[in-house]
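Novice: Under the numbering used here, the first residue of the sequence shown is numbered 206, with each subsequent residue one higher.
Just so it is clear, CB atoms sit at the ideal spot from N, CA and C, and this is done for glycine as well.
My questions all concern the structure below.
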Amino acid sequence: MANFNTHINVAAAAGGVVSIVGLGEGWLSISQALTTWLLICIGGVLPDIDSDHAKPVKALFTALAVGSVVLVVTHLKPVPATPFLLLIGFSVFLSVRILGYKVFAKFSVHRGIYHSLLAGAFFMSITITLCHYALQANPVLAWGSGIAIAFGFLIHLTLDEIYSVDIAGARIKKSFGTALKPIDFKNPLNSVLMGGIVAALFFISPSPSPFVDWLVK
Numbered sequence: 206m207a208n209f210n211t212h213i214n215v216a217a218a219a220g221g222v223v224s225i226v227g228l229g230e231g232w233l234s235i236s237q238a239l240t241t242w243l244l245i246c247i248g249g250v251l252p253d254i255d256s257d258h259a260k261p262v263k264a265l266f267t268a269l270a271v272g273s274v275v276l277v278v279t280h281l282k283p284v285p286a287t288p289f290l291l292l293i294g295f296s297v298f299l300s301v302r303i304l305g306y307k308v309f310a311k312f313s314v315h316r317g318i319y320h321s322l323l324a325g326a327f328f329m330s331i332t333i334t335l336c337h338y339a340l341q342a343n344p345v346l347a348w349g350s351g352i353a354i355a356f357g358f359l360i361h362l363t364l365d366e367i368y369s370v371d372i373a374g375a376r377i378k379k380s381f382g383t384a385l386k387p388i389d390f391k392n393p394l395n396s397v398l399m400g401g402i403v404a405a406l407f408f409i410s411p412s413p414s415p416f417v418d419w420l421v422k
């Protein structure tokens with residue numbers, strides 16, 4: 206499998222090409238081009254969140270914890286007194302960063318469900334719904350963000366499969382087929398549960414029609 210530096214470098218290069226083309230053709234503004242590049246980079250390392258001790262995993266849960274604090278605090282009505290507000294924020298951060306990470310590490314297996322096309326759809330659907338409902342992004346931006354994440358995710362899986370083939374030695378490594386797979390065949394229940402979540406998230410997502418109209422105009 207490809208290492209972290211390879212994944213992030215290839216994702217960054219691919220994201221740069223997409224962003225530059227989008228900017229040059231007038232499809233994206235400068236801020237949108239930068240956001241697209243960043244999302245593709247994030248998608249490019251997301252499949253390795255099932256590596257319990259990987260730096261990207263810890264960084265991801267730290268970011269999730271901070272984001273959760275912001276969402277909770279900004280939606281508290283009425284706003285409590287400062288000491289209670291700090292206590293709530295601190296509690297949310299610790300719950301997501303420590304407890305959430307521990308639970309995730311316990312139930313995740315490297316090269317398991319998160320190295321699958323279903324997981325790509327999972328992160329894509331999460332991105333779309335979060336952008337639309339939490340960040341109040343319009344359908345075009347929401348779907349564009351989700352597709353950028355999915356594109357980076359697909360780059361990661363493809364790289365891992367490419368590295369599973371030893372061209373010089375004319376052999377296929379044992380890891381072949383463990384990355385670019387539709388679902389996790391070893392844990393079908395996990396795949397069914399994730400598939401249900403994906404279906405539910407796409408059901409509540411905004412219609413992709415505005416994005417399609419923007420894409421073909």
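(1) What are the boundary residues of the alpha helix (DSSP H) that Ala324 is part of?
(2) Is the beta carbon of Gly400 less than 9 Å from the beta carbon of Ala355?
(3) What did DSSP end up calling Gly231 once you bin it into helix, strand or coil?
(4) From Val277, Phe416, Ile409, Glu366, pick the residue whose C-alpha is nearest to that of Ser350; which is it?
(5) So, at 6 Å on beta carbons, what are the nonlocal neighbours of Cys336 in its own chain, with the 5 sequence-adjacent residues on each side left out?
(6) Evaluate contact between the segment 299-310 and the segment 262-272, counting only Cβ atoms and requiring at least three cross-stretch pairs below 8 Å.
(7) State whether the segment 355-364 contacts the segment 234-249, with contact taken as three or more CB pairs (one from each stretch) at a distance under 8 Å.
(8) Thr334 and Ile409 - do their beta-carbons sit closer together than 9 Å?
(9) Quick check on Leu281: does DSSP put it in helix, strand or coil?
(10) Using C-beta distances below 6 Å, list every residue in its chain close to Val345, excluding the 5 sequence neighbours before and after it, in chain order.
(11) When burial is assigned at 16 or more other CB atoms within 10 Å of the CB, is Tyr338 buried or exposed?
(12) Just to confirm my understanding: we take Leu322, look at its own chain, exclude 5 residues before and 5 after, and list those with CB closer than 6 Å. What are they?
(13) Which two residues bound the contiguous alpha helix (DSSP H) that contains Ile360?
Specialist: Based on what the coordinates show:
(1) 322-334
(2) no
(3) coil
(4) Phe416
(5) Ala342, Ala347, Ser350
(6) yes
(7) yes
(8) yes
(9) coil
(10) Pro415, Phe416, Trp419
(11) exposed
(12) Pro387
(13) 344-367
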